[in-house]
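These notes concern the structure reproduced below.
Residue numbers (this note's numbering): 18 to 492.
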């Protein structure tokens with residue numbers, strides 16, 4: 018099965034679990050869990066041991082009794098939300114990430130045999146650091162998982178994308194052999210194509226390094242290489258996030274799209290701009306156009322008009338003019354997929370544009386909507402795009418250890434078995450920065466090129482932490 022059977026119920030090898038614990042205590046951010054080197058049962062045992070031995074516990078000594086004595090059914094969700102809001106910031110973010118992980122595990126119980134009750138039996142005593150003689154602690158964990166979307170006020174669309182990604186990986190992993198994909202180096206032509214086996218857990222960074230290694234390309238200082246999704250039909254492109262799983266992207270590509278590995282020539286300029294910003298926001302006049310394609314008919318609506326935009330950490334708002342009080346439109350930033358470029362047939366006023374797509378549109382609606390933002394200069398476009406990046410990935414626009422680090426793990430011969438990471442965790446990196454790395458709302462990799470006209474950049478999530486690493490490996 019592509020999901021480990023009986024995960025959290027099987028014992029790992031004690032010596033390996035102890036070694037993992039010691040490595041994470043010594044320097045959690047430097048640990049890199051690798052397929053073939055680390056076994057899933059060892060990592061799951063380490064995760065349980067960490068929570069059981071974590072000082073005051075995830076729920077804290079003072080608040081644990083309140084969690085265990087919640088009122089009648091009708092008031093439980095409200096009470097859990099109240100208790101959650103009172104937890105320390107890191108505890109709250111960690112609990113959210115863990116329950117998200119367990120929720121996804123039990124959604125695929127037919128494959129891993131770990132249903133709601135089985136997970137609660139394991140994690141009740143673990144999280145409350147109790148002896149497990151009664152099921153009170155287990156009941157709390159069971160209810161948190163069961164009512165995950167309500168207690169943690171989860172975005173349903175983001176959760177659906179997460180589950181769809183897992184399903185896509187499971188389907189691909191269940192097929193015979195490895196999935197083979199064609200990837201191009203720097204430009205699309207026969208002499209640059211590479212055929213690569215893509216296991217379910219391969220990230221964009223690993224694919225990039227695989228291509229560079231094959232072609233024996235030496236990465237120099239400030240060479241920012243990344244894997245790009247290129248659409249010839251839309252005349253757009255976007256770099257995949259370095260931790261983005263490649264396989265779901267491959268399955269979502271149309272016949273007019275392909276993957277390309279190339280440099281980000283504007284990366285230094287992007288980083289300098291973001292380093293100079295005091296707050297994470299941007300506003301200004303931009304030329305805007307909307308396009309709707311109903312059931313693939315490609316019906317165009319309207320033309321480009323001047324609009325005033327405000328981009329903040331929560332949303333992108335559009336106003337008719339600077340002095341308008343109410344926005345005409347509003348989008349959740351982390352639900353948007355941002356591409357560089359605007360197709361020429363729309364006659365954009367300049368070549369410096371962004372194409373925005375709702376990240377869930379392919380799964381949710383027959384009506385496909387795209388929005389276009391056209392800037393006056395390349396610098397202006399780069400600033401808007403950079404701000405999108407830093408918001409969507411919580412401020413870290415390039416991984417600390419750099420994407421150009423070579424892949425050291427050996428990929429398994431048969432990706433239907435082994436420790437395939439299937440359940441990505443999500444959450445706010447700002448809340449987790451000191452203890453838990455970012456689990457974003459969805460793995461939408463975004464970076465900058467100017468639609469074959471200019472330069473490019475990439476964004477990365479933050480480094481891993483003592484809790485994130487084991488949970489990601491188990492997911």
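Idealized CB from N, CA, C, for every residue including glycine. Please read all numbers here as calculations on a predicted model, not as lab measurements.
According to DSSP, residues forming a beta bridge with residue i
i	result
residue 211	200
residue 387	308, 374
residue 494	The requested residue 494 is not part of the displayed model; the chain covers only 18 to 492.
residue 279	243
residue 26	In DSSP, residue 26 forms no bridge with anything.
residue 333	328, 348
residue 248	253, 274
residue 392	369
Three-way DSSP call (helix, strand, coil) for residue i in this model
i	result
residue 265	helix
residue 142	helix
residue 356	strand
residue 230	helix
residue 347	strand
residue 219	coil
residue 369	strand
residue 38	helix
residue 410	coil
residue 188	helix
residue 299	strand
residue 225	helix
residue 46	helix
residue 403	helix
residue 458	Confidence in residue 458 is poor, its pLDDT being 33 and thus under 50, which makes the residue's placement unreliable; the coordinate value appears in the next sentence. Reduced to three states, the DSSP call for residue 458 is coil.
residue 181	helix
residue 206	coil
residue 167	helix
residue 259	coil
residue 290	helix
residue 157	helix
residue 342	coil
residue 122	helix
Local Cβ density within 10 Å of residue i, reported as buried at 16 or more and exposed below that
i	result
residue 88	exposed
residue 328	buried
residue 212	exposed
residue 118	buried
residue 322	exposed
residue 319	exposed
residue 24	buried
residue 72	exposed
residue 95	exposed
residue 188	exposed
residue 373	buried
residue 292	exposed
residue 411	buried
residue 223	buried
residue 135	buried
residue 413	buried
residue 150	exposed
residue 123	buried
residue 403	buried
residue 263	buried
residue 56	buried
Cutoff 6 Å; reference residue i; Cβ partners in own chain excluding five residues on either side
i	result
residue 29	58, 59, 62
residue 185	265, 268
residue 251	360
residue 330	297, 408
residue 301	none
residue 434	Low local confidence applies: a pLDDT of 30 at residue 434 is under 50, so the model's placement there is unreliable, with the coordinate-based value given in what follows. Contacts found: none.
Beta-carbon proximity list for residue i, same chain, < 7 Å, skipping 5 on both sides
i	result
residue 108	75, 77
residue 68	75, 143, 144
residue 163	133
residue 232	202
residue 84	76, 100, 157
residue 375	352, 353, 386
residue 366	304, 321, 391
residue 338	325
residue 147	154
residue 225	242, 243, 244, 278, 420
residue 97	87, 161, 168
Same chain only: Cβ atoms within 8 Å of residue i, ignoring 5 sequence neighbours per side
i	result
residue 248	254, 271, 273, 274, 356
residue 315	Its pLDDT being 47, under 50, residue 315 is placed unreliably in this model, and the coordinates cannot settle the point.
residue 380	With a pLDDT of 40 at residue 380, under the threshold of 50, the predicted position of this residue should be treated as unreliable, and no value is reported.
beta-carbon residue i near the ligand NAD non-hydrogen atom, thresh 7 Å
i	result
residue 22	Within the structure as shown, the ligand NAD is missing, as the structure has no ligands at all.
is_contact[residue i, chain B] using C-beta, thresh 8 Å
i	result
residue 143	Note that chain B does not occur in the displayed structure, where there is just one protein chain.
- Message: What ranges does the alpha helix (DSSP H) occupy inside the region 50-94, keeping only unbroken runs of at least 4 residues that lie completely in it?
- Response: 57-69, 78-85
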